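**Student:** Got a structure for you, questions after.
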Amino acid sequence: MTTKTISVTQTLAQLGVTRPTQASPLFAALRREFDRDAEAAREEAGWKAFRDAWLGRKSGVLAQITENWLKPAPPELKRAVGQALNELRPHVEAVVEARRAAIEAGAEQAAAARERVDLSLPGVERPIGSRHLIRQTFEEIERIFLALGYTVVEGPEIETPYYNFEALNIPEHHPARDTMDTFYLHLPPGITPRLLRTHTSPVQVHAMEAQKPPVRIIVPGKVYRRDNPDATHSFMFHQVEGLAVDTDITFCEFKGTVEYLVTQFFGPTVKTRLRPSYFPFTEPSAEVDASCHVCGGSGCRTCKFSGWIELFGAGMVDPAVYGFVNYDAKRLSGFAFGLGVDRFAMLKYGINDIQLFFQNDVRFLRQFP
Ligand code: PHE
117 MTTKTISVTQ TLAQLGVTRP TQASPLFAAL RREFDRDAEA AREEAGWKAF RDAWLGRKSG
177 VLAQITENWL KPAPPELKRA VGQALNELRP HVEAVVEARR AAIEAGAEQA AAARERVDLS
237 LPGVERPIGS RHLIRQTFEE IERIFLALGY TVVEGPEIET PYYNFEALNI PEHHPARDTM
297 DTFYLHLPPG ITPRLLRTHT SPVQVHAMEA QKPPVRIIVP GKVYRRDNPD ATHSFMFHQV
357 EGLAVDTDIT FCEFKGTVEY LVTQFFGPTV KTRLRPSYFP FTEPSAEVDA SCHVCGGSGC
417 RTCKFSGWIE LFGAGMVDPA VYGFVNYDAK RLSGFAFGLG VDRFAMLKYG INDIQLFFQN
477 DVRFLRQFP
């Protein structure tokens, strides 16, 4: 850009300028050259070189004119050259400044265009999740029992064998231990063994240790068993434990409470049936069945054509359990139950694979907003 056709490094004499009248066309040509340069200086970087080429303190064109043309000029030329230079200088300064301002304004405009916010664009939609069906089912069961005056209590998922088994009247080598394939923690020898609770029943023991009767609690939580995953098994699933202990709790209250739960959860027309069963920590023990809510009891695939569906285990608290928590077995009575939340949800909502609860496929989850 700054290849000057007019050499400012030479003196006027060397350029062949000897008379005052020759100064004006020389400066006019110089000015045209400057204007061409100015035209080309459209970006910030080019502008700096342009400014330095013309206004640089040592080697700028104007400085060189002063140095090489004006200072050594003979007296007869000095006046004309000085005047022409004084006319050129403000032009150069004004144009350099004007180019700077134009470049700056252009850059600002470009930046503004880049950063412009289009208020008409639709916003980024952040989907809001909903509570998982298992969570919803927990809450539905809690709601039913809170209305009966029960309290919700939680307990640890890592337990000692004492709470998971012994205090529930399941001594070592009792066959009931085998039915609950247990995850044990790998711990150094000499430390009390720990396991992942296989049911929520150990919280019965914690609760009775922590409070005097009467007790009316439900215990929601996760439980773990060494089952291979399939449509009805998972190594982790969910239970709600119930426990009521007071001075005069009868089998009748037990049955009434269980029936209330079933009708509240599955619907008012569903019937309840108790079948004799066995648990080491209840006596008598029962399996609670419900009449099939799908066929109404006439028999279908859901109830395997029996008209009944097995719901959960329950029973009157075995007096042996009271012994472990220093409750007076002669004065007190009560009942307990432990239900599978996953199973409850599957039956109510017609879900045929427990694994769906754990895969977190939104196509499944969205069906239960
Ligand atoms: N804890 C038992 C189980 O998980 C269920 C149960 C709880 C049965 C309370 C009776 C009383 O299989």
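Last residue of the sequence shown? That's 485 in my numbering, and every number before it is there in order.
Yeah, the Cβ is synthetic: ideal placement off N, Cα and C, and Gly gets one too.
The model shown is predicted, which means the values in this text are computed figures rather than measured ones.
When DSSP labels each residue in this structure, what does residue 389 get in the three-state scheme?
**Tutor:** Note: residue 389 maps to strand in three-state DSSP.
**Student:** Under the criterion of a Cβ to heavy atom distance below 8 Å, does residue 457 qualify as lining the ligand PHE?
**Tutor:** Checking the Cβ of residue 457 against the ligand PHE gives no.
**Student:** With three or more C-beta pairs closer than 8 Å as the rule, is the segment 148-166 touching the segment 196-211?
**Tutor:** Yes, they touch.
**Student:** Does the distance from the CB of residue 452 to the CB of residue 425 come in under 9 Å?
**Tutor:** No. Outside cutoff.
**Student:** Around the Cβ of residue 280, are there at least 16 other Cβ atoms within 10 angstroms (buried) or fewer (exposed)?
**Tutor:** Buried is the call here.
**Student:** Contact between the segment 338-349 and the segment 309-322 is defined here as three or more beta-carbon pairs at a separation below 8 Å; is this criterion met?
**Tutor:** Yes: at least three Cβ pairs fall under 8 Å.
**Student:** Can you find at least 3 beta carbon pairs, one from the segment 391-408 and one from the segment 273-292, that sit closer than 8 Å?
**Tutor:** Enough Cβ pairs lie closer than 8 Å, so yes.
**Student:** Could you name the residues of the same chain whose beta carbon sits closer than 8 Å to that of residue 170, not counting the 5 residues immediately before and after it, in chain order?
**Tutor:** Answer for residue 170: 150, 153, 176, 177, 178, 208, 212, listed in chain order.
**Student:** My understanding is that residue 311 touches residue 275, with C-beta atoms under 8 Å, so please give their C-beta distance in whole angstroms.
**Tutor:** With a Cβ gap of about 6 Å, residue 311 and residue 275 count as contacting.
**Student:** With distances taken from CA atoms, which of 251, 266, 352 is nearest residue 298?
**Tutor:** Looking at the Cα atoms, 352 is the closest of the given residues.
**Student:** Closer than 6 Å by C-beta to residue 267: which residues in its own chain qualify, once you throw out the five before and the five after it? Chain order, please.
**Tutor:** So the qualifying residues of the chain are 333.
**Student:** Taking DSSP as the reference, what is the three-state secondary structure of residue 437?
**Tutor:** Residue 437 falls in the helix class under three-state DSSP.
**Student:** Can you tell me whether residue 175 is helix, strand or coil according to DSSP?
**Tutor:** Three-state DSSP puts residue 175 in coil, outside helix and strand.
**Student:** Using DSSP's beta-bridge definition, name the partner residues of residue 362.
**Tutor:** 449.
**Student:** Are three or more beta carbon pairs between the segment 228-236 and the segment 453-468 nearer than 8 Å?
**Tutor:** They do not touch, by the three-pair rule.
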